[in-house]
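Here's the structure we're looking at; comments come further down.
What follows is the structure, given as structure tokens:
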């Protein structure tokens with residue numbers, strides 16, 4: 226036990242002294258939260274519409290007053306409008322000659338244009354109704370039924386980042402830290418001491434696990450305090466998913482360092498695995514956006530369920546049994562891997 | 150010159166021999182292009198698969214007509230919609246389905262829908278969705294448009310609408326040709342590849358060599374510091390040229406992207422991207438004493454510069470607070486300039502301003518690194534070639 230504590234504190238000091246590790250634990254969450262927060266959590270600005278009215282502007286001004294999210298800027302001629310639009314000073318443009326509507330869009334805004342096309346169609350429909358002097362016979366009311374009263378894409382990203390922080394720390398604990406210790410011949414010396422193999426494994430693993438938890442906690446705290454993002458936290462579930470994610474990831478890392486013998490390569494392989502999971506698990510890119518084949522692959526990856534589990538634990542989505550069972554299975558896999566490969570992980574060369 | 154070429158060959162070879170270098174500098178750009186191209190290209194082509202529920206509390210013929218016409222419309226819709234129709238159900242059940250994530254969105258027709266409509270009043274329907282979730286928001290917008298379209302068709306059928314207004318939609322900016330997301334993405338991925346190579350590979354090699362005392366040995370040989378830098382730059386140029394070639398070939402073969410990269414101005418922006426990335430790499434090397442420190446600095450620079458450089462997405466909707474950072478970011482100007490030179494868009498910033506910013510970054514990074522070269526103290530601007 227004494228050996229375990231000595232190793233644990235030594236590893237903890239190493240973590241604090243290693244600038245890269247410290248940056249990955251503290252700096253990364255802050256940078257990610259700041260970036261995604263400013264992009265996704267900030268209140269959306271108005272949709273900027275530029276218009277040229279060749280004919281009477283009244284009917285269109287009345288129509289546009291039904292769209293409070295649109296801010297209007299008038300232009301004297303079509304050339305000025307096109308020039309402002311091309312330089313992205315506007316979101317889309319409109320020319321009304323009393324008979325027909327011409328909508329202008331900036332070519333390179335390939336992702337935003339479908340939304341602006343939608344606005345254009347709605348404006349055209351509203352104008353037809355206005356000119357006929359009738360109201361829309363059916364009113365559609367959009368009702369948000371998510372668990373959180375105020376949800377943005379940022380609410381979905383934060384738990385995903387937390388899951389990734391834990392997974393990354395877990396995978397790199399075995400594939401990175403132990404491999405580095407082997408490369409630097411520290412492991413060989415430690416094995417010559419009376420400290421047991423398990424004390425060594427736990428000493429290194431727990432510090433890395435702790436760094437993952439710290440990183441996830443900082444992500445949560447930065448998001449909550451800097452952007453006033455509110456979550457409905459269920460502490461028990463959060464702890465469950467954090468633990469099983471860390472255990473499972475350590476198991477993955479252990480498996481990797483068995484497969485990839487060269488120490489430096491094991492860490493690289495671990496990083497590759499983490500990056501692949503980050504892209505394919507619906508953490509950064511919504512799962513619905515991926516082709517069906519990749520969606521199936523995503524659902525075969527533990528990162529997807531861990532991210533969904535943490536989302537449910539923070540009240541962003543409804544918890545489903547699949548997340549729980551996947552979490553339990555992942556945690557069990559981690560324990561089993563460590564039991565099976567623990568001895569191999571501690572090989573001196 | 151022989152030593153410089155030997156050094157260039159050595160650095161270039163090491164970038165294909167190390168796993169992490171192989172992944173980050175060769176595979177990652179290709180994977181990123183393939184993944185983002187497949188994901189957002191699919192969305193663009195309407196291949197997003199969404200499940201929507203159309204539910205009616207009443208079983209009137211009007212409600213049925215609304216549901217059936219939606220089913221017909223969904224067949225030709227942008228996203229691939231899997232439609233499930235439920236009749237005689239209450240709001241609670243539908244709500245539960247959307248809340249639980251089984252459906253992206255639902256259209257609920259209340260009990261008094263047809264009575265309200267036939268009485269000449271305004272009937273209302275509810276669209277249930279999960280705000281903030283991309284797929285759900287897309288499905289909800291689609292349902293809303295459909296309801297409006299159906300209402301309009303109803304009025305047209307009754308002869309209430311005097312005329313149909315002709316609507317034309319046109320695109321401006323760049324050169325007049327169809328543009329897909331993958332066309333927009335490819336120049337961004339190229340710049341990312343150059344940037345990541347410069348930012349991570351240069352400090353990794355120099356600081357590691359400094360740490361293990363390899364630099365000291367280099368300089369005990371007849372190789373000059375300038376020769377070392379030249380050899381390093383040559384290898385980076387070679388590797389970057391291959392990277393660009395690979396990504397362009399992948400874009401052409403896998404996604405059919407045909408962009409005029411051989412235009413002099415495009416080559417110029419690519420070369421500027423290479424030079425600035427190299428300069429940033431030298432700067433990070435000059436700042437860092439240890440490999441870990443160098444990687445931490447590189448990571449700290451990498452994320453914000455990449456995300457706020459418009460490499461993968463247009464940055465027009467960014468909040469005001471981030472705009473000064475974007476304007477000072479060399480990647481913003483490189484991406485804008487490269488895309489404009491390829492005829493993909495009209496640049497937001499005037500060309501002279503973009504070139505000025507890029508020139509300042511280029512001179513700044515090389516000047517700071519060169520300054521550091523001359524200093525022998527262990528202060529903040531540690532000598533680039535301070536051997537351990």
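Chains as they are written, first to last, in my numbering: chain A, 226 to 574; chain B, 150 to 537. Glycine is no exception: its CB is placed at the ideal position from the N, C-alpha and C atoms. Source: prediction; values computed, not measured.
Measure the alpha-carbon distance for residue i versus residue j and round it to whole angstroms.
i             : j             : result
residue 428/A : residue 229/A : 6 Å
residue 281/B : residue 536/A : 13 Å
residue 235/B : residue 202/B : 7 Å
residue 330/A : residue 318/B : 8 Å
residue 294/A : residue 357/A : 24 Å
residue 469/B : residue 476/B : 11 Å
residue 354/B : residue 289/B : 51 Å
residue 242/B : residue 205/B : 11 Å
residue 548/A : residue 183/B : 29 Å
residue 155/B : residue 377/B : 10 Å
residue 533/A : residue 544/A : 8 Å
residue 348/B : residue 323/B : 31 Å
residue 559/A : residue 218/B : 51 Å
residue 276/A : residue 346/A : 15 Å
residue 163/B : residue 174/B : 12 Å
residue 362/B : residue 452/B : 30 Å
residue 525/B : residue 518/B : Reliability fails at residue 525/B, whose pLDDT of 47 lies under 50, so the model's placement of it is uncertain and no value is given.
residue 372/A : residue 542/A : 6 Å
residue 338/A : residue 269/B : 36 Å
residue 508/B : residue 322/A : 46 Å
Smallest Cα separation from residue i: which of the options?
i             : options                       : result
residue 483/A : 407/A, 387/A, 238/A and 270/A : 407/A
residue 247/B : 276/B, 267/B and 264/B        : 276/B
residue 494/B : 463/B, 310/B and 292/B        : 463/B
residue 180/B : 400/B, 348/B, 314/B and 255/B : 400/B
residue 494/A : 506/A, 509/A, 508/A and 478/A : 478/A
residue 525/A : 510/A, 505/A and 542/A        : 505/A
residue 390/B : 367/B, 363/B, 402/B and 344/B : 344/B
residue 433/B : 356/B, 335/B and 249/B        : 356/B
residue 516/B : 428/B, 452/B and 160/B        : 428/B
residue 512/A : 189/B, 456/B, 315/B and 171/B : 189/B
So residue i and residue j are in contact, right, with Cβ under 8 Å, and what is the actual spacing, rounded?
i             : j             : result
residue 316/A : residue 282/A : In fact, because the Cβ distance is near 19 Å, the residues do not count as touching under 8 Å.
residue 505/B : residue 157/B : Actually they are not in contact, since the Cβ atoms of residue 505/B and residue 157/B sit about 31 Å apart, beyond 8 Å.
residue 570/A : residue 403/A : 6 Å
residue 215/B : residue 299/B : 6 Å
residue 319/A : residue 326/A : 7 Å
residue 471/A : residue 437/A : 6 Å
Does chain B have any CB closer than 8 Å to the CB of residue i?
i             : result
residue 376/A : yes
residue 359/A : yes
residue 343/A : yes
residue 364/A : yes
residue 608/A : The displayed coordinates of chain A run from 226 to 574. Any statement about residue 608/A would go beyond what the structure contains.
residue 284/A : no
residue 466/A : no
residue 410/A : no
What's the call for residue i, buried or exposed, on a 16-neighbour Cβ count within 10 Å?
i             : result
residue 453/A : exposed
residue 290/A : exposed
residue 529/B : With a pLDDT of only 36 at residue 529/B, under the threshold of 50, the placement of this residue in the model should not be trusted; the figure read from the coordinates follows. Counting Cβ neighbours within 10 Å, residue 529/B comes out exposed, since fewer than 16 surround it.
residue 305/B : exposed
residue 442/B : buried
residue 267/B : exposed
residue 373/B : exposed
residue 402/B : exposed
residue 499/A : buried
residue 271/A : exposed
residue 263/B : buried
Return no unless some Cβ of chain A is closer than 8 Å to the Cβ of residue i.
i             : result
residue 357/B : no
residue 414/B : no
residue 392/B : no
residue 475/B : no
residue 273/B : yes
residue 488/B : yes
residue 208/B : no
residue 217/B : no
residue 222/B : no
residue 276/B : yes
residue 463/B : yes
residue 495/B : yes
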